[in-house]
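For what it's worth, the working numbering labels the leading residue of the sequence shown as 6, then goes sequentially. The structure appears right after this line, and notes come after that.
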Amino acid sequence: GLIDSEDYHKNMNGQVFMQWVHNRLIPTFKRNFPGKKLILLLDNASYHHPRGADWVNPNKMSKYELAVWISDRADSITVQRDGTSKYFGKTSLFQPASKYAPTVEEMRGWVKAYLLQHPSFNRTLLRQAFDAEGWQLLYTPPYCCECQPIELLWVHVKNYVGRQMGSDHSVAAVTQL
């Protein structure tokens, strides 16, 4: 659950958010709107994009990790080098870069292209849950408060509370208002 804190944002993360989605949002929506499609509009808070253990980030993978990942999916790769296509077999992926083996960057490029061509990979946990229900997710553009009207209200609420509070912004003090 959430830990008491001055700011809930510090305690919110993808795991807590997904618990809420699975334990509250999905069952409540299905109970109250049976057979209906949910379209959820979210801002770009990091906890709205929780990643599973199977998430792949080629930029953070070593050559060995890239080689294992690629060899699990392909018998060979073709990359562009010096204006020509270069073919590399599975065993060359594990060799140091040379004219007979791809570089880490060539392998990263291949994985990135593969991920773009296979959208079933690297879906967030929220996307997986919504896809399973046939529901839709929409995200507002980052840093665009006019697309998030509630933010315009929060400005007034936070300013009012700030004026009432003075310098003590603790949860205990705020709840006494």
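A virtual CB, placed ideally from N, CA and C, is assigned to each residue, including glycine. Since we're looking at a predicted model, the values are computed, not measured.
For the region 80-152, the continuous alpha helix (DSSP H) assignments of 4+ residues that do not extend past its boundaries occur at 109-122 and 130-138, in sequence order. In this chain, the alpha helix (DSSP H) harbouring L157 covers P154 to M170.
By the neighbour-count criterion, in which 16 or more other beta carbons inside 10 Å mark a residue as buried, I75 falls on the buried side. For A106, the number of other beta carbons within 10 angstroms of its own is at least 16, and it is reported as buried. Counted as a single uninterrupted DSSP element, the stretch harbouring L30 is not any alpha helix (DSSP H), since DSSP gives it neither H nor E.
Here N127 really is in contact with V61; their C-beta atoms are around 6 Å apart, less than 8 Å.
One Cα belongs to C150, the other to L158, and the distance between them is close to 11 Å.
Annotation for L130: G19, M23, P55, R56 and G57 place their beta carbon closer than 8 Å to its own, counting only its chain and skipping 5 residues before and after.
Minimum Cα-Cα distance from A50 among the listed residues H27, N164 and T145 corresponds to T145. Bridge partners of I44 according to DSSP: Q141.
A Cβ-Cβ contact shorter than 8 Å links K42 with W140.
Residue environment for V160: exposed (fewer than 16 other C-beta atoms within 10 angstroms of its C-beta). Under a 10 Å Cβ-count criterion, I155 is classified as exposed, with fewer than 16 other Cβ atoms of the shown protein chains found around its own Cβ.
Contact check for M112 and K68: beta-carbon distance about 7 Å, within the 8 Å limit, so the pair qualifies.
Excluding five sequence positions before and after D136, the CB atoms of its chain that fall closer than 8 Å to its own CB belong to R128, given in chain order. Collapsing the DSSP output to three states places A72 in a helix. Cβ contact annotation for A134 (same chain, cutoff 8 Å, sequence separation greater than five): M23, V26, H27 and I31, in chain order. For H53, the closest of S172, R132 and M170 by C-alpha to C-alpha distance is R132.
Judged by beta-carbon spacing, Y119 lies beyond the 8 Å limit of R86, meaning their Cβ atoms are not closer than that value.
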